[in-house]
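Chains as they are written, first to last, in our numbering: chain L, 1 to 317; chain Y, 1 to 317. Even glycine gets a Cβ: it sits at the ideal position worked out from N, Cα and C. All values derive from a computational prediction rather than experimental measurement. The next block holds one structure in the form of structure tokens; read it before the comments.
There are 2 protein chains.
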Amino acid sequence: MTGAATVAPPALRRVAIAGLGCIGGSLAGALRAHAPELELVGVEADPATAAEALVLGLVGAVQPLAAAGAWAELVVLCLPIAALPAALATLAELERRPLVTDTASTKAVVCRWGAERLGPAGFLGGHPMAGREASGLGAARVDLFAGAPWVLTPADASARQRFAPWRALLERIGARPLELDPADHDEAVAWVSHLPLAVSAALAATVAAALETSPPAAALAASGYRDATRLAAGRPELSADIGWTNGPRLARALRAARGTLDELLARLPDADDTAAAGPGGDRARSRLVEWFAAAQAGRAAVIDAPPPPPSERARAL
Amino acid sequence: MTGAATVAPPALRRVAIAGLGCIGGSLAGALRAHAPELELVGVEADPATAAEALVLGLVGAVQPLAAAGAWAELVVLCLPIAALPAALATLAELERRPLVTDTASTKAVVCRWGAERLGPAGFLGGHPMAGREASGLGAARVDLFAGAPWVLTPADASARQRFAPWRALLERIGARPLELDPADHDEAVAWVSHLPLAVSAALAATVAAALETSPPAAALAASGYRDATRLAAGRPELSADIGWTNGPRLARALRAARGTLDELLARLPDADDTAAAGPGGDRARSRLVEWFAAAQAGRAAVIDAPPPPPSERARAL
């Protein structure tokens, strides 16, 4: 919490959004809807996307990053992780530096880059827990962030103080700001976001490889297959950036998942006709019911978890 | 295909549906809507469900299985796999046996049970490729089977001939009958249905176990986590029955999935700061892009697969 002695900085008036894809476009739309007094400038390399954003009125102008950064009080980088080092370098060269925040899926590496270029109070790591497999401005939704946690990883109290107006804007668009240490964020998303992505992709790759030996398989794929592999349909570059910048934590989660698969394997009967084998078959079935019931309860524990207490949402670092 | 010399049996008039849960209830509703001339009788052990089915007009009466089987021309067993042996035994004892089919998720074991009790032409294995995690009559939907493949596994040409009227009814409710050998069915669903179920449950169990060491994880779970684990929310008994009666094929699929996870593990950088390591980091990223792109393409190959040709839908056995 900011102490009583600190004076909140004034509200933001000029915000630049770099990258008008699904996240940047949704953010521009949400700010337009909920903070209409803001002036918004976009940064977008693709001319067609830039033109569409202007036609839709999402931003008042599209400019190169250096010009937008010199004009803005705050720049939100909604760019692929691999594009962040160059963008941060461009902003670091400005005479009057804006506040800079981002929306990338991993925070430890990105925040280190940010602090190196802009100082610990010049960059605020951010990660909205929302997204879609579809990408680009066409996938943007004005309510994408409504009700969704938006992780913020201030490096220190000074960063928290300087970025307080940005946090206030996030609350106005309906997001739920949640402060975390960058490493704690990366650990948490390794489990609930990056592991589902990796497992979903591994499932899709495994099934595809089986089509040769089981040609009818594709015709029998139903909604269960679709849902379980939905994350595999996302942009490979985004997934790769996650693995690239959160490798050790994702690897730990993957090894844990492999261990859980091994537990199930150990409970599967090794012959089809176990079912007809009487009491032994019943025991085999009970051990499987137990395993699947634990998984069902595990899902409920995550989904029914209460939101974190206010103290954790804005704890002192 | 049935030969020109065979005479199609007359259309069905009296059908019994044993088990008025999501599948049996949806089937009753679909038959009511698309074949209103049929007389339908339900078999249901739970009195509240039986009463609800009568109030909704899904069936004209609810009777014990022996009585319904003696009355019906065809009985559809929409029961848990573990309940099938006893139900088949009851029907086998009838003086005038009805045709019997089922809707269970595995077919090799079930068809063996059916043939043992009722003879190869007395039982037709069936499996609608539709379902929901929610269970019970409340989860039933009159359009659950519309457009969905409904696998049929006739033991021989005589079975195909005798069950032709049932196939005709399935076509009337909008399902797409697809003939397969029971073992081919079990192999195909091991990949596109049972593996997603098992992986989804393993993912849910793995993430739940991580909540102790990463308390913020639950708060950050978003739609990706929900979709990837949706199948884990299904009834543990149904999942267990699948593992119990399709164990070796599911085990093979699980080992393949484990191998795919190992491929990803081998491509993950072992330090967070690989990203800052220059050309080496770029190579690591490229190898990850490649892996995720293959997974994305694999999903598209399954989802965009053309439906099987008519010859495979009704091939000669």
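What residue range is occupied by the uninterrupted beta strand (DSSP E) comprising residue i?
i	result
G126 (chain L)	123–128
P9 (chain Y)	It is not in any beta strand (DSSP E) - P9 (chain Y) carries neither H nor E in the DSSP assignment.
R176 (chain L)	176–179
Helix, strand or coil: how does DSSP classify residue i here?
i	result
R14 (chain L)	strand
L74 (chain Y)	strand
T101 (chain L)	strand
V62 (chain L)	strand
V142 (chain Y)	coil
P47 (chain Y)	helix
R132 (chain L)	coil
A21 (chain Y)	Looking at the sequence provided, one finds Gly at residue 21 (chain Y) rather than Ala. If DSSP states are grouped into helix, strand and coil, G21 (chain Y) belongs with coil.
E263 (chain L)	helix
T229 (chain Y)	coil
E116 (chain L)	helix
A42 (chain Y)	Here the sequence assigns Gly to residue 42 (chain Y), which means Ala is not the residue at that position. Note: G42 (chain Y) maps to strand in three-state DSSP.
R235 (chain Y)	coil
A204 (chain Y)	helix
A28 (chain L)	helix
L288 (chain L)	helix
G224 (chain L)	helix
T106 (chain Y)	coil
L54 (chain Y)	helix
P196 (chain L)	helix
P165 (chain L)	helix
G3 (chain Y)	Its pLDDT being 46, under 50, G3 (chain Y) is placed unreliably by the model, and the measurement read from it follows with that caveat. Three-state result, G3 (chain Y): coil.
D270 (chain Y)	coil
E171 (chain L)	helix
A305 (chain Y)	coil
P248 (chain Y)	helix
L327 (chain Y)	Here chain Y comprises residues numbered 1 to 317, so residue 327 (chain Y) is not present and cannot be evaluated.
Note down, in chain order, every chain Y residue with its Cβ under 8 Å from the Cβ of residue i.
i	result
P307 (chain L)	A219
T103 (chain L)	Result: empty, since nearest Cβ-Cβ is about 14 Å, beyond 8 Å.
A8 (chain L)	Correct list: empty, because the minimum Cβ distance to chain Y is about 26 Å.
Which residues of chain C have a Cβ atom closer than 9 Å to the Cβ of residue i, listed in chain order?
i	result
L88 (chain Y)	No chain C appears in this structure, whose protein chains are L and Y.
Under 9 Å between beta-carbons, which chain Y residues line up against residue i? List them in chain order, please.
i	result
A232 (chain L)	F292, A295, Q296, G298, R299
Just to make sure I have the definition right: I need the residues of chain Y whose C-beta is within less than 7 Å of the C-beta of residue i. Which are they?
i	result
A188 (chain L)	S214, P216, A217, L220
E237 (chain L)	V289
G224 (chain L)	S193, P196, L197, L231
A228 (chain L)	P196, V199, S200, A228, L231
Residues of chain L with CB closer than 7 Å to the CB of residue i, please, in chain order.
i	result
I17 (chain Y)	Ordered by position in chain L, no residue passes the 7 Å Cβ test against I17 (chain Y), which lies about 21 Å from the chain.
T260 (chain Y)	A202, A205, T206
V55 (chain Y)	By Cβ distance, chain L contributes nothing, its closest Cβ being about 29 Å from V55 (chain Y), past 7 Å.
Determine the extent of the alpha helix (DSSP H) in which residue i is found, giving its start and end residues.
i	result
T213 (chain Y)	Element bounds for T213 (chain Y): n/a, residue is neither H nor E.
P149 (chain Y)	Per DSSP, P149 (chain Y) belongs to no alpha helix (DSSP H); it is in the beta strand (DSSP E), 149–153.
V329 (chain Y)	One cannot answer for residue 329 (chain Y) here, as it falls past the ends of chain Y, which runs 1 to 317.
S368 (chain Y)	Here chain Y covers residues 1 to 317 and nothing more, so residue 368 (chain Y) does not appear.
T90 (chain Y)	84–92
Kindly examine the ligand COA and report whether one of its heavy atoms sits closer than 7 Å to the Cβ of residue i.
i	result
R299 (chain Y)	Although the ligand COA was asked about, the structure shown includes no ligands whatsoever.
So which residues on chain L does residue i lean against when the C-beta distance must stay under 9 Å?
i	result
D270 (chain Y)	G247, P248, A251
G243 (chain Y)	L264, R267, L268, P269, A284, R285, L288, W291, F292
Throw me the rounded Cβ distance for the residue i and residue j pair, which I believe falls under 8 Å.
i	j	result
S239 (chain L)	L197 (chain L)	6 Å
W291 (chain L)	L264 (chain L)	6 Å
L118 (chain L)	L31 (chain L)	Not a contact, Cβ separation roughly 22 Å.
P9 (chain Y)	R162 (chain Y)	6 Å
G60 (chain L)	V41 (chain L)	6 Å
L178 (chain L)	P149 (chain L)	5 Å
G21 (chain L)	L137 (chain L)	6 Å
V76 (chain Y)	L27 (chain Y)	6 Å
H185 (chain L)	H127 (chain L)	7 Å
G69 (chain Y)	A16 (chain Y)	6 Å
A228 (chain L)	V302 (chain Y)	The pair is not a contact, with the Cβ atoms about 11 Å apart (cut-off 8 Å).
E320 (chain L)	V289 (chain Y)	Summary: the structure shown does not reach residue 320 (chain L), with chain L confined to residues 1 through 317, and so no result is reported for it.
List the residues of chain L whose Cβ lies closer than 8 Å to the Cβ of residue i, in chain order.
i	result
A257 (chain Y)	A202, L203, T206, L261
A115 (chain Y)	Here the premise fails: no neighbours, minimum Cβ distance about 13 Å.
G254 (chain Y)	The sequence given here places Leu at residue 254 (chain Y); Gly does not occur at that position. Correct list: L261, L264, L265, L268.
Contact residues within the stretch 193–213 of chain L, judged by C-beta distance below 9 Å to chain Y: S193, L195, P196, L197, A198, V199, S200, A201, A202, L203, A204, A205, T206, V207, A208, A209, A210, L211, T213
The stretch 149–180 of chain Y: positions lying closer than 8 Å to chain L by Cβ: P149, V151, L178, L180
Interface positions of the stretch 10–35 of chain Y facing chain L (Cβ-Cβ less than 9 Å), listed along the chain: For the stretch 10–35 of chain Y, which is checked against every Cβ of chain L, not one residue is closer than 9 Å.
Against chain Y: residues of the stretch 132–149 of chain L by CB proximity under 7 Å: A148, P149
Short-range partners of chain L found in the stretch 117–131 of chain Y, where Cβ spacing is below 8 Å: Correct list: M129, A130, G131.
The stretch 58–72 of chain Y: positions lying closer than 8 Å to chain L by Cβ: none
The stretch 74–99 of chain L: positions lying closer than 9 Å to chain Y by Cβ: Of all residues in the stretch 74–99 of chain L, only I81, A82, P85 come within less than 9 Å of chain Y when Cβ atoms are compared, listed by chain position.
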